[in-house]
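Here the protein sequences line up with chains A and B, keeping their order. Going by my numbering, the first residue of the first sequence is number 647, and it counts up by one from there. Going by my numbering, the first residue of the second sequence is number 155, and it counts up by one from there. Below is one structure, written out as structure tokens; the observations come after it.
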Amino acid sequence: QQQVKQSPQSLIVQKGGISIINCAYENTAFDYFPWYQQFPGKGPALLIAIRPDVSEKKEGRFTISFNKSAKQFSLHIMDSQPGDSATYFCAASKGGGSNYKLTFGKGTLLTVNP
Amino acid sequence: DVKVTQSSRYLVKRTGEKVFLECVQDMDHENMFWYRQDPGLGLRLIYFSYDVKMKEKGDIPEGYSVSREKKERFSLILESASTNQTSMYLCASTLGGVGQPQHFGDGTRLSIL
């Protein structure tokens, strides 16, 4: 049973465009939703995270939108740059805001063309 | 700076061998994790440890075991390697508190021939 469903599997965007990656979860006990970014040859690293008491969180060009009733959350990358090309994983946990015991989506390979 | 070090970047072993993957963190974290990463399947949790000598099974523990004798070191053991265990293996650690991220190593690409 896949608890966090991520789409699309791959995404190609032109430089300066908006990249959007979507995730849906099933377990209503999840209370923390981070996004991890992974560059080739490297391990994933925390990019941005949100808790369900807010509907949006923005850090620079990266924004998480959260819809609790629909059990969905998404990552928006504004003004996408070639350096943003990476694999992005959404995740969820029920650790009260902790990254302990994360359930990951299957990942989205983002390519930003120059 | 936070550092999680995996002992090998690439490893080639033969079917039936006992394989050890080592991970060391320098952050005094209680919690450590082993994942495998396969194309199209994302990150799947194999085992995790929340303290020395303490461990719990993750989502795909079959064919694997772990050892944590010291706080900073977490080992993944393939008791009798099989070709379907060819994969990228990632180790991570975290303090576990609110907002504390998992810190990942750069992975070990293991090939079983």
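We put the CB at the ideal spot given by N, CA and C, even for glycine. Small disclaimer: the values here were computed from a predicted structure and weren't measured.
Opening and closing residue of the beta strand (DSSP E) in which residue i lies
i	result
A/Ile664	Premise fails: A/Ile664 is in no beta strand (DSSP E) and is neither H nor E.
A/Asn673	It is not in any beta strand (DSSP E) - A/Asn673 carries neither H nor E in the DSSP assignment.
B/Glu233	First-last for B/Glu233: undefined, no H or E at that position.
A/Leu755	Thr754 to Asn759
A/Ser711	Phe708 to Asn713
B/Asp205	Gly196 to Asp205
Under the three-state DSSP convention, the category residue i falls into
i	result
B/Gln239	helix
A/Asp725	coil
B/Asp213	coil
A/Asp699	coil
B/Asp155	coil
B/Asp260	coil
A/Asp730	helix
A/Tyr746	coil
B/Met186	strand
A/Phe719	strand
A/Val659	strand
B/Lys225	coil
B/Ser167	A quick correction: the sequence has Lys, not Ser, at residue 167 of chain B. Of the three classes helix, strand and coil, the one that applies to B/Lys167 here is strand, per DSSP.
A/Gly751	coil
B/Ser161	coil
Proximity of residue i and residue j at Cβ, strictly below 7 Å
i	j	result
A/Asp677	A/Pro698	yes
B/Gly196	A/Gly751	yes
B/Gly250	A/Tyr746	yes
A/Leu756	B/Pro255	no
B/Phe187	B/Ala246	yes
B/Gln239	B/Leu232	yes
C-beta neighbour in chain B for residue i, strict 7 Å
i	result
A/Pro686	no
A/Lys752	yes
A/Tyr734	no
A/Tyr746	yes
Residue i at chain A interface by Cβ criterion, 7 Å
i	result
B/Pro215	no
B/Asp205	no
B/Leu264	no
B/Phe258	yes
B/Leu230	no
C-alpha gap between residue i and residue j, whole angstroms
i	j	result
B/Met121	A/Lys703	In the structure as shown, chain B begins at 155 and stops at 267. Residue 121 of chain B is therefore absent and cannot be evaluated.
A/Thr709	A/Pro654	17 Å
B/Glu176	B/Phe228	6 Å
A/Leu748	A/Thr733	17 Å
A/Val659	B/Glu210	40 Å
A/Glu705	A/Ala675	25 Å
Within-7 Å CB hit, residue i to chain C
i	result
A/Gly689	Annotation note: the requested chain C is absent from the structure, which comprises protein chains A and B.
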